[in-house]
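Trainee: Residue numbers (our numbering): 112 to 275.
The following block contains the structure:
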């Protein structure tokens, strides 16, 4: 009986390890993200942003995309700051701080250097709004949606945020 129990336990451990060690993932709920963000700006409050959990690089570890809103000091007339945080060493680490993001954001099925592209609507001054895709460059996503590659059509995986 003891040998059977040891085999069962070992099987469970192997499955958890193969599936990305679900036990070692950072929390991506709103309060956990707030605590992470407050390391960079202690003045942030719960109502200053919206966030969603994603898996940007298919490592089975929860990443997060955070879009600041007008209650924060991170918005202007052409959009707000969006943060991209990936799961590394059981923590969420920022790999993108993108300015001028409108509240229409979706995850693309397309990838660049192993990370999913993030599609946004860009509203440049004096030009009609257009759709663009934010591509990972090996270290980060672009610093501004204005630098994103324009696209004619989204290859949509899922909508992350949309204007209300």
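Positions of the beta carbon are idealized from the N, C-alpha and C atoms, including for glycine.
Keep in mind the model is a prediction, meaning the values are calculated, not measured.
Using only alpha-carbon positions, find the residue among 231, 200, 195 and 203 that is nearest to residue 212.
Mentor: Looking at the Cα atoms, 231 is the closest of the given residues.
Trainee: Taking the DSSP output, what are the residues bridged to residue 174?
Mentor: Per DSSP, 165.
Trainee: On the three-state DSSP scale, how would you describe residue 149?
Mentor: Here residue 149 sits in helix by DSSP.
Trainee: Distance check for residue 268 and residue 142, CA to CA, integer angstroms please.
Mentor: Computed Cα separation, rounded: 26 Å.
Trainee: Considering residue 212, what are the terminal residues of the beta strand (DSSP E) in which it resides?
Mentor: It spans 202-212 - the beta strand (DSSP E) in which residue 212 sits, taken as one unbroken run.
Trainee: Considering only their Cβ atoms, is the gap separating residue 236 from residue 189 smaller than 8 Å?
Mentor: Closer than 8 Å, so yes.
Trainee: Residue 174 and residue 341 - do their beta-carbons sit closer together than 8 Å?
Mentor: Residue 341 cannot be examined here, being either before or after the span of the chain that is shown, 112 to 275.
Trainee: DSSP has residue 232 in a bridge; who is on the other side?
Mentor: Looking at the DSSP assignment, residue 232 forms a beta bridge with 242.
Trainee: Write down the C-beta distance between residue 216 and residue 258 rounded to the nearest angstrom, noting that I regard them as a contact closer than 8 Å.
Mentor: Not confirmed; about 16 Å, so no contact.
Trainee: Over the uninterrupted beta strand (DSSP E) stretch that includes residue 190, give me the two end residues.
Mentor: Per DSSP, residue 190 belongs to the beta strand (DSSP E) from 190-199.
Trainee: In this structure, does DSSP put residue 219 in helix, strand or coil?
Mentor: Strand.
Trainee: Which term fits residue 248, buried or exposed, when burial requires 16 or more other beta carbons within 10 angstroms of its beta carbon?
Mentor: Residue 248 is exposed by the Cβ-count criterion.
Trainee: Taking the Cβ atom as the reference point for each residue, do residue 210 and residue 254 lie within a distance shorter than 8 Å?
Mentor: The answer is yes: Cβ separation under 8 Å.
Trainee: Would you grab the beta carbon distance between residue 260 and residue 243 for me? Rounded to a whole angstrom, and I think it's under 8 Å.
Mentor: That belief holds up - the Cβ atoms of residue 260 and residue 243 are roughly 6 Å apart, short of 8 Å.
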